[in-house]
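Same order as they appear, the protein sequences are chains A and B. Take the first sequence: its position 29, counting from 1, is numbered 9 in the working numbering, and each next residue is one higher. Take the second sequence: its position 93, counting from 1, is numbered 73 in the working numbering, and each next residue is one higher. Heads up, the thing below is written out as structure tokens.
2 protein chains.
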Amino acid sequence: MVNRSDSLDRVFRALADPTRRAMLTRLAKGQASIGTLGDPFAMTKAAVTKHVKVLERAGLLVRAVEGRVHTCRIDPAPLTKAEQWVEQVRSFWEGRLDELSNYLANTESRRAP
Amino acid sequence: MVNRSDSLDRVFRALADPTRRAMLTRLAKGQASIGTLGDPFAMTKAAVTKHVKVLERAGLLVRAVEGRVHTCRIDPAPLTKAEQWVEQVRSFWEGRLDELSNYLANTESRRAP
DNA sequence: GTTATTGTTTACCGCATGGTAAACCGTTCG
DNA sequence: CGAACGGTTTACCATGCGGTAAACAATAAC
């Protein structure tokens, strides 16, 4: 029941690579062909193809084939989902009153042995 | 010069696993021992140890050893950094005026061959 | 019609990852 | 003391991942 290969899995995994993050940063400024996307990196076109595929399967990148050039644009929706997950955890943590009392109790018991 | 094993790498990689995300969700509600943390999952203690280590090395989890029990609490700072990265990309994308004109030009050239 | 351009595909390699089993270590309890 | 408890460590395994080289496919240019 673990919902394996969840979409969040793919999104976070895609974001866990500096090359892919740089590609997204580039795409955030405007669409680009795959060649342009891979230009800043010293790697094979095959490697670039793989990275683009990872981003694509995470839903972060959308491809528009026109002739022999594949133009890529970013899709921010999965970013929003990931951000919401993080924010949810953080908000839970922000409102942790029992946790705070726990911490105080702990500190107290340590300070007054 | 790619700044390998960047902290964002470790954070996003840590978040890319459903078990680890569930552990963080649990920890957001309050601190817990490692045994308690691993309780919901059908896996060995060794596996739980590994997951906790991944979270720890990503800076998302802090451990307090007291006797034989290791109490874990969440540290939201790396979450904030990750969130900021995502938000930065999104904000870049939100203000993509040239991208919009690009898109329009593209559409135009397709509609008027 | 040949040649160059843009990307993909297909092995293949090295290494990290998620998991297990089993031995181990330190602490607590009876 | 010895036994149980809470975690870690050490092999070990299967799988996935990032990367390459080389062959291929399709479109554009000459």
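Beta carbons: idealized from backbone N, C-alpha and C, even for Gly. Quick caveat, the model's predicted, so the values are computed rather than measured.
Scanning its chain for C-beta atoms nearer than 8 Å, with the 5 sequence neighbours on each side dropped, one finds around residue 23 of chain B the residues -1, in chain order. Among the residues facing chain A, residue -14 of chain B is included, as its CB has a counterpart in that chain under 8 Å away. In terms of Cα proximity to residue 45 of chain B, the closest of B:14, B:59 and B:60 is B:14. Contact annotation: the stretch 54 to 67 of chain A touches the stretch -14 to 0 of chain A, with at least three C-beta pairs closer than 8 Å. Taking the C-beta atoms as reference points, residue 32 of chain A is found nearer than 8 Å to residue 17 of chain A. Around residue -3 of chain B, the same chain offers 31 and 34 as residues with beta carbons nearer than 8 Å, after the five sequence neighbours per side are excluded.
Assignment of beta-bridge partners to residue 51 of chain A by DSSP yields A:13 and A:44.
The Cβ-Cβ distance between residue 76 of chain B and residue 9 of chain A falls below 8 Å.
With respect to the 8 Å criterion, residue 38 of chain A and residue -9 of chain A are classified as neighbours on the basis of their beta carbons. Residue B:41 holds the alpha-carbon nearest to the alpha-carbon of residue 6 of chain B among B:73, B:41, B:25 and B:47.
With a threshold of 8 Å between beta carbons, residue 30 of chain A makes no contact with chain B. Under the Cβ criterion of 8 Å, residue 56 of chain A is counted among the residues facing chain B. For residue 36 of chain B, there are no C-beta contacts with chain A under 7 Å, since the nearest C-beta of that chain is about 16 Å from it.
Across the set B:74, B:-6 and B:3, the C-alpha of B:74 shows the shortest separation from the C-alpha of residue 53 of chain A. Here the alpha carbon of residue 12 of chain B sits roughly 22 Å from the alpha carbon of residue -7 of chain B. Within the same chain, Cβ atoms closer than 8 Å to the Cβ of residue 65 of chain A are found at -12, the five residues on either side in sequence being excluded.
Proximity of residue 69 of chain B to chain A, defined by a Cβ-Cβ separation below 8 Å, is satisfied. In the DSSP assignment, residue 60 of chain B falls within the unbroken alpha helix (DSSP H) covering 57 to 74.
Residue 24 of chain B has a beta carbon lying at 8 Å or more from every beta carbon in chain A. Burial is judged here by how many other beta carbons sit within 10 angstroms of a residue's own beta carbon; residue 1 of chain A has at least 16 and is buried. Interface annotation, residue 45 of chain A: not in contact with chain B, CB-CB separation never under 8 Å. In the structure shown, residue 23 of chain A adopts coil according to DSSP, grouped into three states.
Inter-residue distance for residue 43 of chain B and residue 4 of chain B is about 13 Å (C-alpha atoms, whole angstroms).
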